[in-house]
Amino acid sequence: MAASGFWIGVESMTVEDLTMAAAHPRPVFCGRLSGDRSLQSVDVEADAQAEWHDIALDSVEGQGYLLDLMRQRGPIDHVVLALNLLPSEIGLNDALTASLDSVLAETRQVIEGLIVVTRGAEAVMESGIGAGMTVLYPDKVELMTPLARGLLAFIQEFVAAEAERWAALGLSLALRSGSLVD
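If you're matching positions, the sequence shown starts at -2 in our numbering and goes up one per residue.
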């Protein structure tokens, strides 16, 4: 059986990233799909194994569903987590004055999503098969709020520290800005 590949946070990925991911033997796409079905129009007809799952990483249910799905779809050879650090549907100036509740919720979503997915991926990946994880973040730093820049610094430090531990386990963990396709 071919290993599965997980693409999490697909709503933050480019069409080129998703098209490339669709070439994987067993792609599993996860993210907030309920509001935008256009993501699923990516050309995946070539592989009937492609799966789409509507998952919200900012809820306990969504986190549990994702972890259970990863356990069920093993072996897994790669996980890509796309984190959205840019203001959503509002301008940068409005994002700077957003309510404390929305700022805390978005911050929790990024931090919890990163920790849940890295721990979950580590638990289900096997060393020795070249398994690894890539954390994607937007390359438009000039559009980030000061809080988002602080979150990016946390993400960079977290991934750097975890990457050393992952390497000792025979796994890879990488951080990448922009797109998977260059």
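All C-beta atoms, glycine included, are put in the ideal place defined by N, C-alpha and C.
Assumed close pair residue i, residue j - CB separation to whole angstroms, cut-off 8 Å
i      : j      : result
Met17  : Leu78  : Not really, about 16 Å apart at Cβ, beyond 8 Å.
Arg105 : Asp55  : 6 Å
Leu63  : Ala128 : With a Cβ gap of about 17 Å, Leu63 and Ala128 do not count as contacting.
Asp74  : Ala0   : 4 Å
C-alpha gap between residue i and residue j, whole angstroms
i      : j      : result
Val121 : Gly59  : 17 Å
Gly175 : Leu111 : 17 Å
Glu123 : Val100 : 36 Å
Gly166 : Ile152 : The question names Gly, yet the displayed sequence has Leu at residue 166. If you take the alpha carbons of Leu166 and Ile152, they lie about 20 Å apart.
Ile87  : Phe155 : With a pLDDT of 45 at Ile87, under the threshold of 50, the modelled position of that residue is not reliable, and no figure is offered here.
Ala182 : Trp49  : The question about residue 182 has no answer here: the residues shown for the chain are numbered -2 through 179.
Leu30  : Leu82  : 18 Å
Val76  : Ala171 : 10 Å
Ala43  : Val132 : Only weak support is given to the placement of Ala43: the predicted model assigns it a pLDDT of 46, under 50, and the value that follows is read from those uncertain coordinates. Looking at the two C-alpha atoms, the distance is approximately 26 Å.
Gly147 : Glu119 : 25 Å
Thr11  : Phe3   : 15 Å
Ala102 : Ala160 : 27 Å
Pro22  : Glu13  : 17 Å
For residue i, the residue or residues it bridges with in DSSP
i      : result
Ala171 : Thr131
Ala165 : DSSP lists no partner for Ala165.
Nearest residue (CA-CA) to residue i, options the options
i      : options                           : result
Phe26  : Gly6, Thr11 and Val12             : Gly6
Val113 : Leu15, Ala53, Pro72 and Pro22     : Ala53
Glu8   : Pro24, Gly28 and His21            : Gly28
Val107 : Glu161, Ala47, Ala145 and Glu13   : Ala145
Arg173 : Asp136, Gly147, Ala150 and Arg162 : Asp136
Gly125 : Thr11, Asp14, His21 and Ala164    : Ala164
Ala47  : Arg68, Pro24 and Gly61            : Pro24
Leu80  : Ala20, Leu97 and Glu109           : Glu109
heavy atom of the ligand ATP below 7 Å from residue i C-beta
i     : result
Thr11 : Although the ligand ATP was asked about, the structure shown includes no ligands whatsoever.
Point to revise | beta strand (DSSP E) runs contained entirely in the region 2 to 30, provided each spans 3 or more residues | key: 24 to 28
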